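The structure under discussion appears below in the form of C-alpha cells.
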Amino acid sequence: MSVFQVLNGLTFAALLFIVASGFTLIFGLLRIVNLAHGALYLLGGYIGLTVATATGSYLLSGIAAMAGIALAGLLLDQTLLRWVKGHDLRQVLLTLGVALVLNDLTLVIWGGDTFSVPIPSVLQGAANVGSVFYPKFRLFVLGVGILTFICLWLMLNKTRLGALIRAGVDDAEMVEASGINIQRVFLLTFMLGSALAGLGGWLGGAFLTLYPSADSEILVFSMAVVIIGGRGSLIGAAVGSILIGMLNTFGQVWFPELAYFVIFGPMALLLAFRPLGLFGRAT
Amino acid sequence: MINRRKLLQTSSAVAAVSSLGFPAVVRAQKAPIKIGLMAPLTGVLAAGGKELVEGFELWWERNGKEIAGRKIEITVEDDASNPDTALQKARRLVEQTNVHFLIGNITANTGLAVANYVKGNGVPYFIPVIAADDLTQRNRIPNVLRIAGYTGSQMTRPLADWSLKAGYKKVATVSQDYAYGHEMCGGFCQTFTEGGGQIVQQFWHPLNNSDFSPYLGQLQGLGVDAIFGMETGADASRFLQQYTSFGLKGKIPLIGAMNVADQSVIRTLGDEPMDVVSCAMFAEGGQDEATKAFVAGYEERYQKLPSVFGTTHYSGAKWLTEALTAIGGNVEDREALLKAVRGIELKGTPLGSVVKLDPYGHPVYNVFIRKVVKRADGKKWNVPIATYENVSQFWKYDPETYMKQPSYSRTFQGIKS
Amino acid sequence: MTDGERRHPAWVSWASSVGVLAVLATLPFVLKSYHLGIATQILIFAILAMSIDVLAGFSGRTPLCHGAIFGTATYFVIYSVNIWDLPLPAALLVGVAAATVLSAVFAILAVRVSGVYFLLLTLALGLVVWGVCLRWSQVTGGENGLRGDLRRGALADIKVFYAIAAATSLFAYIAMRRFVNSPFGLTLRGIRDSESRMASLGYNVTLHVFLAFVVSGFFAGLAGSIYAVFNNYVSPSAVALPQSVQGLLMAIVGGIGTLVGSYVGAALIIMLELFVSAFTERWQIVLGSVFVAIMLFAPEGIVGKINQLTRRHSQSKNTNP
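Same order as they appear, the protein sequences are chains A, B and C. Numbering-wise, my numbering comes out as the position in the first sequence, counting from 1, plus 448. Numbering-wise, my numbering comes out as the position in the second sequence, counting from 1, plus 64. Numbering-wise, my numbering comes out as the position in the third sequence, counting from 1, plus 722.
What follows is the structure, encoded as C-alpha cells:
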C-alpha cells in the first residue's frame, strides 16, 4: 500500500463524498431516492464549464454550478415532486424520468464530446507530498471534500436548521407536530443536496471529465456509498466514500480483472448482514 | 400466388419481390436506391455518431444524390451504442423501410449484432468503423464488407515495427478490457516481441474507467521506454489528462491506438495530446491532395477537423458510389453489388492512398505513423511521420497460417518470449 | 392498486378472452414480417412486465433488478447452446433455471427491506450482474457479447416463432393470474396492504415475499430465454439497468396490480419508441417525459384507470380510497 495509491483512493473518495452526501441528505430527510442526482451532477459540471470558459474565473464557475443546480433542485421540487408528496415510489420513478430528460437535454445543448472544466494554473501540475509527486488538483479536491464534511457536520450539529434536519430524519411527523414548518426545511435540504451535486460536477468536470453517461456512473457510485453508509448518515457517507474509493483503487491494482466486482461484491455481502447499511437506522 | 407468398416468407427484402414481380428494367429506372445508415446519435458515443453521419452526408451533398438515374434515399437510424437497439433498427431498415443495404455503426457490439442478423438474410452490410478482427477473418460473412475500414491489429503492427526502429526495447500497455482493446494491443505486442522487444506489463481496465491513477502509479516505476495506450472516447481524454497531471508526459513517451489521438478526442483538450504517436490509415494533417481537399471542405462545412468516423464514411460513400455506378444502379442484384464493391480500386479518397479489398473483404492500403502537432492556427492535428505501404490485415503473415492462431484476448496477446 | 377484472361478469371475461385469442391468431396473416416481429417482442416483454407486477403490484415490493434476471437467462441459453452443445429446449430450461436461482439469491439478500430501500438494493444487485457480464469476458464475451445461431429450421420463420412466443406468453399470463388469485397470492396482497397486520396474524412475511420473488424471477427468466431465441444475440445491455427500468415502466404504464396491464404497457412503450424514433433522436426525452407524466397524472396506469372508471360507473359510488 504505497502512499501514492492511498492518495489516489482518498482523492477519489473526496469527490464521491461530495456527491453522495447530497444524495444521502435528501434521501434521509425527504425519503426521496433522487435518481436525477447524477444528472444534476453532470448539469453542474456543464454549467461550470460554460461559465469558466466564458468568464475565465474558476471560482465564479464553481459558484455558478452550485447556485444553478440549487435552483434546478428548487424547480424540480416545486414543479414536479410537490405533486407526489408522500408517495415514495412515485417520487423515485419520477426522478428517474427527470434523469432521462436531463441527460438527453445536456446532450442536445453541449453535444457528446468529452469536455473538461478548465482549471487555473495554480492547480495544474504536481506537488511534493512527503515522498511522492502528486497532482495538485486532486489534492485540491481532497481539501474541498474535507472542508465539505466539516461544514456539513457543523451545520447539522451546531445550527438550528441542522437540528431540525436531524430530527426530521428520525421522525418528520414529530417535528411537524411541534409547530415547525418542515416543508421549508425540506425545500432547503433539497436545494442544499442539489448544490452539493453541482459542486461535485464542477470538481468532477476537471477530475473525471464530462461526457454523456458520466451522470449514471457517478450515480451508481453514490448509491453504493449510501447503501453501505446508510440512509441519511453523514458519517456513513464519509465512511462509505472512503471504502468505495479505496476498493476502487486497490481493486484495480490487486484484482484488475475483477475491478467492478470488487466494488459491488462487498456491498452485496454487507447487505446480507446489515440491510440498512453501516450507519442506517430503521424508520 | 404460392410463389409470391413463399418469396415473402423466405426473403425479407420486399424490394426483391418487386424487381421479380415486375419487369426489372422498368422498375429499376425509377425506384430510388435506399440506404440504411446506422450510427449512435445518443449515449456516450453520440459525438462520434454525429460525425459519422456528417461524413457520409458530405459526400452525397458534394456529388449529388443520384446514380444511374436512380435517386439515393438515405434513412438514418440511431443505434444508441446498444446492440439490442441496433438489431431492432436493422430489422426496421431492412424489413420496413426496405433498404437495399446497410452501412455504419461504431461500437463492435452493435456491428457484431447486425452482422449476425444479416448473416441470415444476405443483406449487404458495410462497416467502415466496426473493427472486430474476426468479421473479416475467422468468422467472415460474405455479405459483410469492411469498405474503407480497418481492424485493430492491422493498425498497431506497423506502429510496433516503428517503435523497434525508434529504439524502444521495453514497453508497457494500458488498455480498455474488451475485444477491440485486446486486438489493438495484440497486434502491437505480437509484432513488437517478434522483433525482439519486451512487453513489461499489461494493464486492463473496464470501459468508462473513471480514474486512471492506480495504473499511472504503477507505470511510473516500471522503467519502460514507452507506454502504449489503447483508449477510446472519454477514456482517451481522461487518460491523456491524467497522464499529464501525474507528470508522466515528457518523461515517458506515449504511443497508442489511433483512437487516443483521434480528432474526436484531441480537439477538446489542451496540450495533453501533443507529441503522441499513433497509427492509422489516414492522417488529417497529411500532404495528399485528396486528403487536404477533404479536410478543408469538412472544416468549412462543420467548423471542425474530421475524425476517423467522418473520414471513413465519406470514403465509404465514394466507394459505394463507384460500385453502384459500375453496376448501372441495379442494386437489387446483391451478388453483383458485392462483386463490384470487391473489385474497386479506390483512388482519391481522404485516406491518402489507393485502397482495395483483400479476398477476405478487408481493405489493403498505406498506414501512417502519425504525431500530434499544432497547426499554424493553434489547432492540434495528426501529421504523418512515416508511411508503411500496402498494409494488409495479416501484416507479413500467411493468412491461412495466421488464422490458425487464436483470436486476441486478454490471455492471448501473441507475445513471443 | 386493485385487481378489478375479477369483478366483471363471467361472460365479459369469456368474450374478451375469445376476442384476444382471435386477434392473436389473425395477426400472422395480416402483418408483415417486421410488424409480426414487433408483436412477438411485445408478447415477450409483457411476460417480463407481468413478472415485475407480481412483486410490485401484488407483494408491495418494487424491484429494479428484473432486467438482470431476464438477461441472465438470455446469456445462459446462448452459452449452453454455443459451448455445451445443448439442444435448444434443454438450453431454454437451463436459462429459466439459472434465472430462478439468481432470483432466489437476490431474494435472500433483499426480502428483509421494503419500499424505497428495496428498490435501491435490487438496483445494486442488478448492477453486480451487469458488472460480471461486462468483465468476465472469457465466458460472457464482455462488451461484445455472445452471438447465437438459435433460429434454425422452422424457427427462422417469424410466424412459427410468433406462435411459440404467443403460446408462452398466454401460458405465463394464466399461470401468474392463478398464482396471484390463489390463497398464497391473497396473503401476498395482505402483506402489500399491511405488513405488520399480516405478521401479527401469524403469517411468515419474509417467506411469502421470498417465494413471490422466486416465482417472479422464474417468469422473468422465461421471458429472457425466449428473447435469446428472438434476438440470437446477447450483450451486457440485456442485463443493464435500462432493461429493468423499461420493464418496470411497462408494468406501471399498463397498471400495477392488474397483470393484463403489462400487455398494454409493453405494447405502448415498444410502439411509442418505434414511432418516436422514426421522427426524432430525442427518444430519451420522450420516454422520460412519459415516465414523469404517468407518475404525476396516472400512477394507477391505463388498465388501472379504466378499472377505476368502470367500477365507479357500475357501482355509481366510489368505494376506492
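Each residue gets a CB set at the ideal place from its N, CA and C atoms; glycine is no exception. Remember, predicted model here, so these are calculated numbers, not experimental data.
Any idea if residue i is buried or exposed, counting beta-carbon neighbours within 10 angstroms, 16 or more meaning buried?
| i | result |
| --- | --- |
| C/Val-1035 | A quick correction: the sequence has His, not Val, at residue 1035 of chain C. Exposed, by the Cβ-count rule. |
| A/Asp-619 | exposed |
| B/Ser-342 | buried |
| A/Glu-621 | exposed |
| C/Trp-806 | exposed |
| B/Pro-470 | exposed |
| C/Ser-959 | buried |
| A/Phe-465 | buried |
| C/Leu-741 | Per the sequence shown, the amino acid found at residue 741 of chain C is Gly instead of Leu. When all chains shown are included, C/Gly-741 counts as exposed. |
| B/Lys-315 | exposed |
| B/Tyr-227 | This sequence places Ser at residue 227 of chain B; Tyr is not what is there. So B/Ser-227 counts as buried. |
| C/Thr-980 | buried |
Reducing DSSP to helix, strand and coil, say where residue i ends up.
| i | result |
| --- | --- |
| B/Glu-336 | coil |
| A/Val-549 | helix |
| B/Arg-134 | strand |
| B/Ala-110 | helix |
| C/Phe-941 | helix |
| A/Arg-679 | coil |
| B/Ser-342 | strand |
| C/Ile-1024 | helix |
| B/Met-467 | coil |
| B/Tyr-429 | strand |
| B/Thr-451 | strand |
| C/Ile-948 | helix |
| C/Val-956 | strand |
| A/Lys-533 | coil |
What I want to know is whether the C-beta of residue i ends up closer than 7 Å to one or more non-hydrogen atoms of the ligand SAH.
| i | result |
| --- | --- |
| A/Thr-527 | By its list of ligands, the structure shown contains no ligand whatsoever, and the ligand SAH lies outside what it can speak to. |
What number of angstroms, rounded off, separates the C-alpha of residue i from the C-alpha of residue j?
| i | j | result |
| --- | --- | --- |
| B/Ile-57 | B/Ile-319 | For chain B, the structure presents residues 65 to 481; residue 57 of chain B sits outside this window and is missing. |
| B/Gly-293 | B/Gly-281 | 15 Å |
| A/Val-540 | C/Phe-780 | 19 Å |
| A/Asn-456 | C/Gly-793 | 35 Å |
| C/Ile-896 | B/Arg-156 | 32 Å |
| B/Glu-399 | B/Pro-423 | 15 Å |
| B/Lys-443 | B/Pro-337 | 12 Å |
| A/Gly-534 | C/Ala-771 | 25 Å |
| C/Ala-744 | C/Met-993 | 21 Å |
| B/Asn-430 | B/Met-322 | 14 Å |
| C/Asn-1042 | C/Pro-1021 | Residue confidence is low: C/Asn-1042 scores 42 on pLDDT, short of 50, so the model does not pin down where it sits. No coordinate-derived value is stated. |
| B/Phe-432 | B/Met-219 | 9 Å |
| A/Trp-601 | A/Thr-637 | 14 Å |
| A/Gly-559 | B/Ala-110 | 8 Å |
| B/Gly-184 | C/Asn-903 | 44 Å |
| C/Val-936 | C/Glu-1003 | 38 Å |
| C/Ser-738 | C/Ala-732 | 10 Å |
Which same chain residues end up closer than 6 Å to residue i when comparing Cβ atoms and leaving out the 5 residues on each side of it in sequence?
| i | result |
| --- | --- |
| B/Val-329 | Ala-300 and Ser-301 |
| C/Ile-800 | Leu-868, Gly-870, Ala-950 and Val-956 |
| C/Leu-765 | Ala-887, Ala-888 and Ser-891 |
| B/Gly-85 | Bear in mind that the predicted position of B/Gly-85 carries a pLDDT of just 44, short of 50, making it unreliable; the figure below should be weighed with that in mind. Answer for B/Gly-85: no residue qualifies. |
With a CB to CB cut of under 8 Å and the five nearest residues on each side skipped, what residues in its chain are close to residue i?
| i | result |
| --- | --- |
| B/Ser-481 | Thr-257 |
| A/Gly-728 | Gly-677, Gly-678, Arg-679, Gly-680, Ser-681, Gly-684 and Arg-722 |
| C/Val-835 | Leu-843 |
| B/Met-65 | Bear in mind that the predicted position of B/Met-65 carries a pLDDT of just 33, short of 50, making it too unreliable to give a figure here. |
| B/Arg-221 | Gly-251, Phe-252, Gln-254, Thr-255, Val-455 and Trp-459 |
| A/Val-623 | Leu-612, Ala-615, Gly-616, Ile-630 and Val-633 |
| B/Thr-139 | Lys-98, Ile-99, Gly-100, Leu-101, Leu-157, Thr-161 and Val-163 |
| C/Ala-857 | Note on residue identity: the sequence assigns Arg, not Ala, to residue 857 of chain C. Correct list, in chain order: Gly-864. |
Identify, in the order they occur along the chain, each residue of the same chain with its Cβ nearer than 7 Å to the Cβ of residue i, setting aside the five sequence neighbours on each side.
| i | result |
| --- | --- |
| A/Arg-479 | Asp-536 |
| B/Ala-404 | Ala-387, Ala-390 and Ile-391 |
Return the chain-ordered ranges of every beta strand (DSSP E) run that is complete within the stretch 220-269 of chain B and spans a minimum of 3 residues. 234-240 and 262-269
Output the residue ranges of the alpha helix (DSSP H) runs that lie fully inside the stretch 113-193 of chain B and measure 4 residues or longer, sorted by chain position. 147-155 and 172-185
Unbroken stretches of the beta strand (DSSP E), 3 residues or longer, contained in the stretch 551-622 of chain A: 574-577 and 580-583
Please give the ranges of any alpha helix (DSSP H) in the stretch 982-1006 of chain C, keeping only runs that are unbroken, at least 4 residues long and fully inside the region. 983-1001
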